[in-house]
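S.K.: Here you go, one structure.
There are 2 protein chains.
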Amino acid sequence: MGVLTSQSEDFPKWYQDVLNKAVLAESGPVRGTMVIRPYGYSIWERMQAEVDQRIKACGAENAYFPLFIPMSYFEREAEHVEGFSPELAVVTHGGGSKLEEPIAVRPTSETVIGEYMGRWIQSYRDLPLLLNQWANVVRWELRPRTFLRTSEFLWQEGHTAHIDQEDARRYAVRILEDVYHDFMVNVLAIPVVVGRKTAKERFAGAINSMTLEGMMGDGKALQMGTSHELGQNFAKVFSIDYLSDKGAQELCWTTSWGVSTRMVGGLIMAHGDNNGLQVPPVLAPTQVVVIAIKDDPEVIETAGRIEAELREAGVRVRVDTRVDTSFGRRATDWELKGIPLRIEVGPRDLAQQEVTIAVRATGVKSKASLSGLSNKVSETLSEIQSKMLAFAIERRDERTAECSTLSEVVEAAGSGFARIEWDLVGEKGEAELARSAITVRCLQRSDGSLPYSEDEPGLVAYCARAY
Amino acid sequence: MGVLTSQSEDFPKWYQDVLNKAVLAESGPVRGTMVIRPYGYSIWERMQAEVDQRIKACGAENAYFPLFIPMSYFEREAEHVEGFSPELAVVTHGGGSKLEEPIAVRPTSETVIGEYMGRWIQSYRDLPLLLNQWANVVRWELRPRTFLRTSEFLWQEGHTAHIDQEDARRYAVRILEDVYHDFMVNVLAIPVVVGRKTAKERFAGAINSMTLEGMMGDGKALQMGTSHELGQNFAKVFSIDYLSDKGAQELCWTTSWGVSTRMVGGLIMAHGDNNGLQVPPVLAPTQVVVIAIKDDPEVIETAGRIEAELREAGVRVRVDTRVDTSFGRRATDWELKGIPLRIEVGPRDLAQQEVTIAVRATGVKSKASLSGLSNKVSETLSEIQSKMLAFAIERRDERTAECSTLSEVVEAAGSGFARIEWDLVGEKGEAELARSAITVRCLQRSDGSLPYSEDEPGLVAYCARAY
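Chains A and B, in that order, give the protein sequences.
At position 57 of the first sequence the residue is numbered 141 (the numbering used here), and the sequence of numbers has no breaks.
At position 187 of the second sequence the residue is numbered 271 (the numbering used here), and the sequence of numbers has no breaks.
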């Protein structure tokens, strides 16, 4: 009899329960918006820090462009406006009067950033131009779900301009691999499947969308991030051009790429269990909680000393001395919040110069000596990180079925991913799968690498139900 | 013949020139919005990091509340709606259809955060509740000016709920002193005047607004940040109440406080000179630039080695090896950007095992030995920080006149701040000064401390023209 609905009983209800009981987020007053509470936000802050550092290492610089975009900007790129019009929130009044031109609240910033890139780029010496922004965006959602699909969400959106197609492609792939893939595998411990979107699933205005797809606890897919080659589509309409070293006026090739607060939802669903959330140690805002079991001066003092020692050793740690609340309730609460490691300090253990260590991922408790505790903790944290990734890889592989017919795909997508030759699916098969709410998540070459076109022979399609 | 309009000729035009030439920011496509370019944004990121760390040290936690607020929320607090209605941007259409209730784009979040605090706070054990968010807000501006007054700006807004008035006041003052005052003096090197706003200048819905006023290069004031006691005004209308330890249902006392991207404008105008921006070393995203003067292998190699050494020593440093651009042009450019310290590496100096050090704040160049360079640099950076603050204090004090009549105030406010007994001004004098575009920036006790009420005897009023 847990505090949460069990995953097997009702996975969506389990997800809602985790949001509430781990105090992560709740619905905002305007339909589809969300309030991110401090613990949920601290997880997002850690994601931001890790992603931001990787983006900067790839040479992109942060900037900030306005929330408000003239409607006329959207109308310049035909596919883009078609894709985003149904989702726009529109400001018609400002400062007490009706506006001459209605304004869109940004759903993404290719248009406004394209406009400024066009002004800033003069010569080949200004290229590549590598920009990123951390911002909120608004896309009207008819079926909102906290973190996964909200009318307003937080994200980073990168926008770059390049001298030729090859340089643009190389950079879009670099972001996909060195920023997103590295972050998702090594920080989130989610072994995403990386591939190319089909034409049907492509970003509105892109010539190539690449994606990272995570497997959730119920076997469904979650698109965790995307990186797009935009070709010259936006360069044409926003005059993003440059004088080449040969003196010719040339159009740039642009890219865009983003990850969002949706990853918090992915984290919950990829690692959560019937006891709540599980946060991988590398990500966790709090890696270790030191619990004083009893109101005993030696216990309290020792718990404080352990906290200080661990902090000194670079561990993100907090101490729980709320001894007026029962130990059991506190332990359950830290489990719900998914703190990777608990150190329980009680008088009986202390008499032996020991504490009890409880690992959230395995539920295993063991004794550890007070001397050398911080080394033990650091080692255990890295073991937990590896185990969480290994477990997620195992599940992904177990639940990925090799299929050779569409009906096998439908069967397999009931509990996980289906791999099938893309030639056996094609646009027609894609439409047929859609009737069973199954989508082609991405295409890969048979060696797992990224295809340059969906017309390459021998591609493999990953199919799944998705959030 | 500088690259900038001189300050004495046209200060506002000088400000615009600095924004453009130091590549800090420009206007957005929708009236009153701005585009913050990478160098401007990197300054804001450093401000965020320094302020965020101080806020967290005061126990507040970051969260995120929605951009969209139902119009009905504003209507609950009479003064608040009256103050903000004229500045609201209103969304009337979403997802392709007209909305049933129009939605305000947040100009500030007391209302929506008040609503949630009302739901979350049950008992005195939940208090104080200390929240902060980093967000964008929108206030329709008729006379926009980049960074200083924009329709959209970035800020942090803190919102807290307390058990009684004393605790609320203490916390609002703590944020004012330990976060804002400390940051502005010790990081921005701007010796702000701290005091209480008059009733006329108070935040819409507050019972007490406290402010930090910086003196700009032209002697005008800039409100750099505010901290408000909201009394029980929002607690009443959003039912922010708690069960006391005596079992009684009591209303909370709330506060709010914020600083914004306006501080970037303050930084420019407080420290800038006819050669451009000047960034204090503690704030500067780049503290030192190492310039390779000539395309000479030893020069390039040494510049790189100095960069590595300084980075190792914790200095934020970059190297400039663009030897195909003239040295003079590059030096001017780094001056424009206000990098506190330049190290110039050239073959003649190297022959003596020396480099040339140029201090932006004083314009003084000197030779420094390659050995022990990083110690020399660290010392010089702290000297620059002290000098910039000392210079700003000196200017503030020189340009603050003791006055005893309103006409003296009008005279003095032409070039700086005027101090006058508040009893000699009062509401009537305040209205009279307004006709000369002069406002009472804040009230202090004669010892400089914060008054609890504007009716206290013996208060001093700081009057000035302001941005």
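No residue lacks a Cβ here, since even glycine has one placed at the ideal position from N, Cα and C.
CB-CB under 6 Å to A:R233, same chain, minus the five flanking residues each way: which ones, in chain order?
M.R.: Start at 1 with the first residue of the first sequence, and residue 233 of chain A comes out as number 149. Taken in chain order, the residues that qualify are E225.
S.K.: Could you check how far apart the C-beta atoms of B:L425 and B:I441 are, in whole angstroms? I think they sit under 8 Å.
M.R.: Here residue 425 of chain B refers to the residue found at position 341 when the second sequence is read from its first residue. Here residue 441 of chain B refers to the residue found at position 357 when the second sequence is read from its first residue. Going by Cβ atoms, the distance from B:L425 to B:I441 rounds to 7 Å, so yes, they are a contact pair.
S.K.: Do three or more CB pairs link the stretch 451 to 466 of chain B to the stretch 389 to 396 of chain B at distances below 8 Å?
M.R.: The stretch 451 to 466 of chain B vs the stretch 389 to 396 of chain B: in contact.
S.K.: Please report the Cβ distance between A:Y546 and A:V277, rounded to the nearest whole angstrom; I am assuming they are in contact, meaning their Cβ atoms lie under 8 Å.
M.R.: By one-based count along the first sequence, residue 546 of chain A stands at place 462. By one-based count along the first sequence, residue 277 of chain A stands at place 193. With 8 Å as the limit, A:Y546 and A:V277 qualify as a contact, their Cβ atoms being about 5 Å apart.
S.K.: Note down, in chain order, each residue of its chain lying with its Cβ closer than 6 Å to the Cβ of A:G279, except the 5 sequence neighbours on either side.
M.R.: Locating residue 279 of chain A in the first sequence gives position 195, counting from the first residue. Excluding residues within five positions, the ones whose Cβ falls inside 6 Å are C526, L527 and Q528.
S.K.: Can you pull the chain B neighbours of A:V374, defined as C-beta to C-beta under 8 Å?
M.R.: Residue numbering aside, residue 374 of chain A sits at position 290 when the first sequence is read from its first letter. Residues of chain B passing the Cβ test: none, with the nearest at roughly 19 Å.
S.K.: Alpha carbon to alpha carbon, how far is A:G301 from A:D94? Give it in angstroms, no decimals.
M.R.: Numbered from 1 along the first sequence, position 10 holds the residue referred to as residue 94 of chain A. Numbered from 1 along the first sequence, position 217 holds the residue referred to as residue 301 of chain A. Each residue's Cα considered, the two are about 12 Å apart.
S.K.: Which word fits B:P96, buried or exposed, when buried means at least 16 other C-beta atoms lie within 10 angstroms of its C-beta?
M.R.: The count along the second sequence starts at 1 and reaches residue 96 of chain B at position 12. Exposed.
S.K.: With a cut-off of 8 Å, does the C-beta of A:L517 fall near any C-beta of chain B?
M.R.: Along the first sequence, read from residue 1 onward, the residue named residue 517 of chain A stands at position 433. It does not: the Cβ of A:L517 has no partner Cβ on chain B nearer than 8 Å.
S.K.: Please say whether B:R115 and B:G303 have beta carbons closer to each other than 8 Å?
M.R.: Counted from its first residue, the second sequence places residue 303 of chain B at position 219. Counted from its first residue, the second sequence places residue 115 of chain B at position 31. In this structure, B:R115 does not lie closer than 8 Å to B:G303 by Cβ.
S.K.: Which one or two residues does DSSP pair with B:E185 in a beta bridge?
M.R.: Here residue 185 of chain B refers to the residue found at position 101 of the second sequence. Bridge partners of B:E185: none, in fact.
S.K.: Taking the straight line between their C-alpha atoms, what separation do you get for B:I390 and B:Q249?
M.R.: The residue given as residue 390 of chain B occupies position 306 in the second sequence. The residue given as residue 249 of chain B occupies position 165 in the second sequence. When rounded, the distance between both Cα atoms is 55 Å.
S.K.: Around the C-beta of B:Y157, are 16 or more other C-beta atoms found within 10 angstroms, so that it is buried, or is it exposed?
M.R.: Residue 157 of chain B sits at position 73 when you count from the first residue of the second sequence. By the 10 Å Cβ count, B:Y157 comes out buried.
S.K.: Helix, strand or coil for B:Y326 per DSSP?
M.R.: For the purposes of this step, residue 326 of chain B is identified with residue 242 of the second sequence, where counting begins at 1. In the structure shown, B:Y326 sits in a strand (DSSP, three-state: E or B).
S.K.: In whole angstroms, what separates the C-alpha of B:I197 from that of B:V271?
M.R.: Counting from 1 along the second sequence, the entry for residue 197 of chain B is found at position 113. Counting from 1 along the second sequence, the entry for residue 271 of chain B is found at position 187. Spanning the two alpha carbons is a distance of roughly 30 Å.
S.K.: I need the boundaries of the alpha helix (DSSP H) containing B:I127, first residue and last residue.
M.R.: Your numbering for residue 127 of chain B matches position 43 in the second sequence. Note, B:I127: alpha helix (DSSP H), P122 to A141.
S.K.: Nearest by alpha-carbon distance to B:A290: which of B:A252, B:E199 and B:M308 is it?
M.R.: Within the second sequence, the letter at position 206 stands for residue 290 of chain B. Cα-wise, what sits closest to B:A290 is B:A252.
S.K.: For A:R121, which residues in chain B fall below 7 Å Cβ to Cβ?
M.R.: What you label residue 121 of chain A is simply residue 37 of the first sequence in a count that begins at 1. In chain order: A147.
S.K.: Is B:T489 buried or exposed, if buried means 16 or more other CB atoms sit within 10 Å of its CB?
M.R.: Indexing the second sequence from 1 puts residue 489 of chain B at position 405. When all chains shown are included, B:T489 counts as exposed.
S.K.: Per DSSP, what kind of secondary structure is B:Q362 in: helix, strand or coil?
M.R.: Numbered from its first residue, the second sequence carries residue 362 of chain B at position 278. It is coil, neither helix nor strand.
S.K.: My understanding is that A:T523 touches A:E285, with C-beta atoms under 8 Å, so please give their C-beta distance in whole angstroms.
M.R.: As a working mapping, residue 523 of chain A is identified with position 439 in the first sequence. As a working mapping, residue 285 of chain A is identified with position 201 in the first sequence. The Cβ separation is near 7 Å, so the contact holds.
S.K.: Return yes when the Cβ of A:V135 is within less than 8 Å of the Cβ of A:Q307, no when it is not.
M.R.: Start at 1 with the first residue of the first sequence, and residue 307 of chain A comes out as number 223. Start at 1 with the first residue of the first sequence, and residue 135 of chain A comes out as number 51. It is not a contact, given that the beta carbons lie outside the stated cut-off.
S.K.: Under 8 Å, with one C-beta from each stretch per pair, do the stretch 144 to 162 of chain B and the stretch 209 to 220 of chain B reach the 3-pair mark?
M.R.: yes
S.K.: With 8 Å as the threshold, decide whether the Cβ of A:N104 is near any Cβ in chain B.
M.R.: Locating residue 104 of chain A in the first sequence gives position 20, where the first residue counts as 1. No, A:N104 lies away from the interface with chain B (no Cβ there is under 8 Å from its Cβ).
S.K.: When the cut-off is 8 Å and only beta carbons count, does A:A397 lie next to chain B?
M.R.: What you label residue 397 of chain A is simply residue 313 of the first sequence in a count that begins at 1. With 8 Å as the cut-off, A:A397 does not count as an interface residue toward chain B.
S.K.: Report the residue ranges of all alpha helix (DSSP H) runs contained in full by the stretch 159 to 234 of chain A; include only those spanning at least 4 residues, in chain order.
M.R.: 162 to 168 and 194 to 204
S.K.: To the nearest angstrom, report how far apart B:M85 and B:Q362 are at their CA atoms.
M.R.: Stepping through the second sequence from its first residue, residue 85 of chain B is reached at position 1. Stepping through the second sequence from its first residue, residue 362 of chain B is reached at position 278. Because the pLDDT at B:M85 is just 49, under 50, the model does not fix this residue reliably, and the value given afterwards should be weighed accordingly. Those two C-alpha atoms are separated by around 19 Å.
S.K.: Applying the criterion that 16 or more other CB atoms from any shown protein chain within 10 Å of the CB defines a buried residue, is A:Q469 buried or exposed?
M.R.: Mapped onto the first sequence, residue 469 of chain A falls at position 385. Looking at its Cβ environment, which holds 16 or more other Cβ atoms inside 10 Å, A:Q469 is buried.
S.K.: For the beta strand (DSSP E) that A:A545 lies in, which residues bound it at each end?
M.R.: Position 461 of the first sequence holds residue 545 of chain A. First-last of the beta strand (DSSP E) with A:A545: V544 to A548.
S.K.: Give a yes or no on whether the minimum CB-CB distance between A:H177 and chain B is below 8 Å.
M.R.: Numbered from its first residue, the first sequence carries residue 177 of chain A at position 93. Closer than 8 Å to some Cβ of chain B, the Cβ of A:H177 qualifies, so yes.
S.K.: Between A:L508 and A:L543, what straight-line distance do the alpha-carbon atoms span, to the nearest angstrom?
M.R.: One-based indexing of the first sequence puts residue 508 of chain A at position 424. One-based indexing of the first sequence puts residue 543 of chain A at position 459. Taking the straight line from one Cα to the other gives about 10 Å.
S.K.: Going by beta-carbon coordinates alone, are A:T117 and B:P150 separated by less than 8 Å?
M.R.: The residue labelled residue 117 of chain A in the question sits at position 33 within the first sequence. The residue labelled residue 150 of chain B in the question sits at position 66 within the second sequence. It is a contact, given that the beta carbons lie within the stated cut-off.
S.K.: Any contact between the stretch 402 to 415 of chain A and the stretch 365 to 379 of chain A? By contact I mean 3 or more CB pairs, one from each, below 8 Å.
M.R.: yes
S.K.: If we define contact as Cβ-Cβ less than 8 Å, is A:G180 a contact residue for chain B?
M.R.: Against the first sequence, residue 180 of chain A aligns to sequence position 96. Closer than 8 Å: yes.
S.K.: Can you tell me whether A:V448 is buried or exposed? The criterion is at least 16 other CB atoms within 10 Å of its CB, across all chains shown.
M.R.: Indexing the first sequence from 1 puts residue 448 of chain A at position 364. It is exposed - the Cβ of A:V448 has fewer than 16 other Cβ atoms within 10 Å.
S.K.: Once you ignore the five residues that flank B:W204 on each side, which residues in its own chain have a CB closer than 6 Å to its CB?
M.R.: Taking the second sequence and counting its residues from 1, one reaches residue 204 of chain B at position 120. Close CB contacts of B:W204 within its chain, under the 6 Å cut and outside five residues either way in sequence, are absent.
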